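Enquirer: Have a look at this one before I ask anything.
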Amino acid sequence: MAVPTSKAELLEAMTTAFARLEAELASIRPEDATSPDMEGHARGTAMSVNDLLAYLTGWGQLVLKWVRLRDEGLEPDFPETGFKWNQLGQLAQKFYRDQSGLDFPTRVERLRATHGQLVALVSSLDDAALYGRGWYEKWTLGRMIQFNTASPYANARARIRKWKKTRSAS
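This is how it looks when you write it as structure tokens:
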């Protein structure tokens with residue numbers, strides 16, 4: 031799918047990628063979601079499906095936080111307070127810890143709720159707000175949202191499909 035350049039394209043990319051991800055998640059047994067045998071985001075690491083859900087939810091919540099802070103006239107700490115862009119592995123670990131103790135269905139529901147908030151955010155904005163000006167460095171707000179929704183949803187779906195194949199082969 032091409033990189034979205036309008037509100038309509040962004041909403042389509044977000045909802046399509048999320049629906050495909052949800053279809054994959056629907057076939058996972060909760061007891062399998064805790065097994066840390068999926069390739070991690072950093073080379074040589076492993077994670078569970080639950081970790082992947084925490085990661086997706088964490089980034090979605092960060093986007094919502096960034097927008098809320100900007101709306102309040104404040105400048106967010108990018109990517110997150112206490113983390114720099116070269117510390118994304120540590121940030122991923124924080125996301126995993128943030129949802130430790132939550133079961134698979136609860137994590138799926140949190141991701142679904144975060145996705146719904148992001149869709150509502152995009153729906154409330156126009157093309158000019160999303161793509162008419164830089165929002166963070168050279169990136170528009172629409173691109174920042176896409177970086178943290180449609181693209182990672184598609185990546186997560188591919189990871190889950192690969193994980194399922196690996197598990198069925200063993």
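Numbering (this note's numbering), first residue to last: 31 to 200. Note that the Cβ used here is the ideal one computed from N, Cα and C, for glycine as well. Note that the coordinates shown come from a computational prediction; the quantities given were computed from them, not determined experimentally.
Taking the alpha carbon of Phe108 as the point to measure from, which residue in Glu102, Trp96, Asp101, Gly119 has its own alpha carbon closest?
Expert: As a position in the sequence shown, residue 108 is number 78, starting the count at 1. Checking every option, the nearest Cα to that of Phe108 belongs to Trp96.
Enquirer: With H, G and I counted as helix, E and B as strand and the rest as coil, what does DSSP make of Ala76?
Expert: Taking the first residue of the sequence shown as 1, we reach residue 76 at position 46. Strand.
Enquirer: Along the alpha helix (DSSP H) that carries Gly119, what are the first and last residues, could you check?
Expert: For the purposes of this step, residue 119 is identified with residue 89 of the sequence shown, where counting begins at 1. Residues 118 to 128.
Enquirer: When you compare the CB positions of Gly90 and Gln147, do they come within less than 9 Å of one another, or not?
Expert: Sequence index remark: in the sequence shown, residue 90 carries index 60 (1-based). Sequence index remark: in the sequence shown, residue 147 carries index 117 (1-based). Yes; because the gap between Cβ atoms is below 9 Å, this pair is in contact.
Enquirer: Measuring alpha carbon to alpha carbon, tell me which residue in Arg127, Ala159, Tyr166 is nearest Ser36.
Expert: For this step, residue 36 is matched to residue 6 along the sequence shown. If we check each option's Cα against that of Ser36, Ala159 comes out closest.
Enquirer: Output yes or no for whether 9 Å exceeds the beta carbon distance between Pro65 and Ser57.
Expert: Position 35 of the sequence shown holds residue 65. Position 27 of the sequence shown holds residue 57. Reading the sequence as shown, one finds Ser at residue 65 and not Pro. In this structure, Ser57 does not lie closer than 9 Å to Ser65 by Cβ.
Enquirer: Measure the CB-CB distance between Glu18 and Arg189 and report whether it falls below 9 Å.
Expert: Nothing about residue 18 can be reported from this structure: the residues present for the chain run from 31 to 200 only.
Enquirer: Can you tell me which of the three DSSP states Thr35 falls into?
Expert: Position 5 of the sequence shown holds residue 35. Three-state result, Thr35: coil.
Enquirer: Could you please give the first and the last residue of the uninterrupted beta strand (DSSP E) stretch that includes Gly146?
Expert: Taking the sequence shown and counting its residues from 1, one reaches residue 146 at position 116. From DSSP, Gly146 is part of no beta strand (DSSP E) but of the alpha helix (DSSP H) over 134 to 154.
Enquirer: For chain D, is any of its Cβ atoms less than 9 Å away from the one on Ala76?
Expert: In the displayed structure, chain D is absent; only one protein chain is listed.
Enquirer: Is Leu141 near the ligand GTP, with its Cβ less than 8 Å from a heavy atom?
Expert: Looking at this structure, you won't find the ligand GTP or any other ligand, since it has none at all.
Enquirer: Could you tell me if Leu99 is buried or exposed, where buried requires 16 or more neighbouring beta carbons within 10 angstroms of its beta carbon?
Expert: Along the sequence shown, read from residue 1 onward, the residue named residue 99 stands at position 69. Label assigned to Leu99: exposed.
Enquirer: So, is Ala43 buried or exposed, given that buried needs 16 or more other C-beta atoms within 10 angstroms?
Expert: For this step, residue 43 is matched to residue 13 along the sequence shown. It is buried - the Cβ of Ala43 has at least 16 other Cβ atoms within 10 Å.
Enquirer: Give a yes or no on contact between the segment 177 to 188 and the segment 121 to 132, applying the rule of three or more CB pairs nearer than 8 Å.
Expert: The segment 177 to 188, when compared against the segment 121 to 132, does not touch it at the 8 Å Cβ threshold.
Enquirer: Just to confirm, are Leu83 and Val138 a CB contact at a threshold of 9 Å?
Expert: In the sequence shown, residue 83 corresponds to position 53, counting from 1. In the sequence shown, residue 138 corresponds to position 108, counting from 1. Yes, they are a contact pair.
Enquirer: Which same chain residues end up closer than 7 Å to Pro135 when comparing Cβ atoms and leaving out the 5 residues on each side of it in sequence?
Expert: Numbered from 1 along the sequence shown, position 105 holds the residue referred to as residue 135. Answer for Pro135: Pro60, listed in chain order.
Enquirer: Residue range of the alpha helix (DSSP H) that Gly172 falls in?
Expert: Here residue 172 corresponds to residue number 142 of the sequence shown, with the count starting at 1. 171 to 177 is the extent of the alpha helix (DSSP H) around Gly172.
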